[in-house]
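**Q** Just so you know, the UniProt record's numbering puts 56 at position 56 of the sequence shown, and the rest follows in order with no gaps. C-beta: ideal position from N, C-alpha, C; glycine also. Since the structure is predicted, the reported quantities are computational estimates derived from the model, not experimental observations.
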Amino acid sequence: MKIPTMFLKDQYTGMQINAFQRSYLEMERLFKIYVYEEGDPPIFHNGPCKSIGRFIHEMEMEMDNNIYKTTDPDEALVYFLPFSVVMLVQYLYAADSHNTNSIGRAVIDYVNQGRLRHFGGL
Numbered sequence: 001m002k003i004p005t006m007f008l009k010d011q012y013t014g015m016q017i018n019a020f021q022r023s024y025l026e027m028e029r030l031f032k033i034y035v036y037e038e039g040d041p042p043i044f045h046n047g048p049c050k051s052i053g054r055f056i057h058e059m060e061m062e063m064d065n066n067i068y069k070t071t072d073p074d075e076a077l078v079y080f081l082p083f084s085v086v087m088l089v090q091y092l093y094a095a096d097s098h099n100t101n102s103i104g105r106a107v108i109d110y111v112n113q114g115r116l117r118h119f120g121g122l
């Protein structure tokens with residue numbers, strides 16, 4: 001993939017642009033995201049925010065269409081845990097209680113479930 005030069009300022013030399021393009025291509029090759037699939041909708045894997053919702057949708061697309069997603073957690077540089085804070089509050093928070101313990105426990109359990117499954121309790 002060639003980076004469109006219209007995004008690069010005139011002050012850069014051809015050598016700098018080439019170095020940037022090589023770096024970008026290397027990033028595309030190495031950068032992998034592992035998406036945790038634990039948890040059930042709507043709290044996990046759903047979200048009301050458009051940009052995050054789009055990101056979740058892109059990450060849950062078929063592997064053939066997503067060069068960044070990996071099914072191997074050992075290959076990943078980034079781990080994405082798709083959960084919605086809004087949904088956590090809606091389903092787990094008792095109104096006017098000022099007690100967020102259930103939300104914290106749900107997130108900790110979610111993270112631990114994935115950690116134990118993929119990393120054997122590290």
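1. Measuring alpha carbon to alpha carbon, tell me which residue in P82, L30 and F31 is nearest residue 144.
2. So is I108 buried or exposed if we call it buried at 16+ other beta carbons inside 10 Å?
3. Which of helix, strand or coil does DSSP assign to I103?
4. For L92, which residues from the same chain have a beta carbon less than 7 Å from its beta carbon, with the 5 sequence-adjacent residues on both sides left out?
5. Would you identify the three-state DSSP class for F20, choosing helix, strand or coil?
6. State the Cα-Cα distance for the pair Q113 and Q16, rounded to the nearest angstrom.
7. When you compare only the Cα positions, how much space is there between E75 and D96?
8. Between N43 and F80, is the Cβ-Cβ spacing less than 8 Å?
9. Have a look at the DSSP bridge pairing and note the partners of Y91.
10. Got a sec: is the Cβ-Cβ distance from T100 to anything in chain B below 8 Å?
11. Whole-angstrom Cβ separation of R117 and E26, contact assumed at under 8 Å?
**A** In this structure, then:
1. Outside the displayed span of the chain (1 to 122) sits residue 144, for which this structure offers no information.
2. Taking all protein chains shown into account, I108 has fewer than 16 neighbouring C-beta atoms within 10 Å of its C-beta and is therefore exposed.
3. helix
4. S102, I103 and A106
5. helix
6. 45 Å
7. 44 Å
8. Contrary to the premise, residue 43 reads as Ile rather than Asn in this sequence. For I43 and F80, no; Cβs fall outside 8 Å.
9. For Y91, which the question treats as bridged, DSSP gives no partner whatsoever.
10. No chain B is present in this structure, which holds just one protein chain.
11. Contact flag wrong, Cβ pair sits at about 30 Å.
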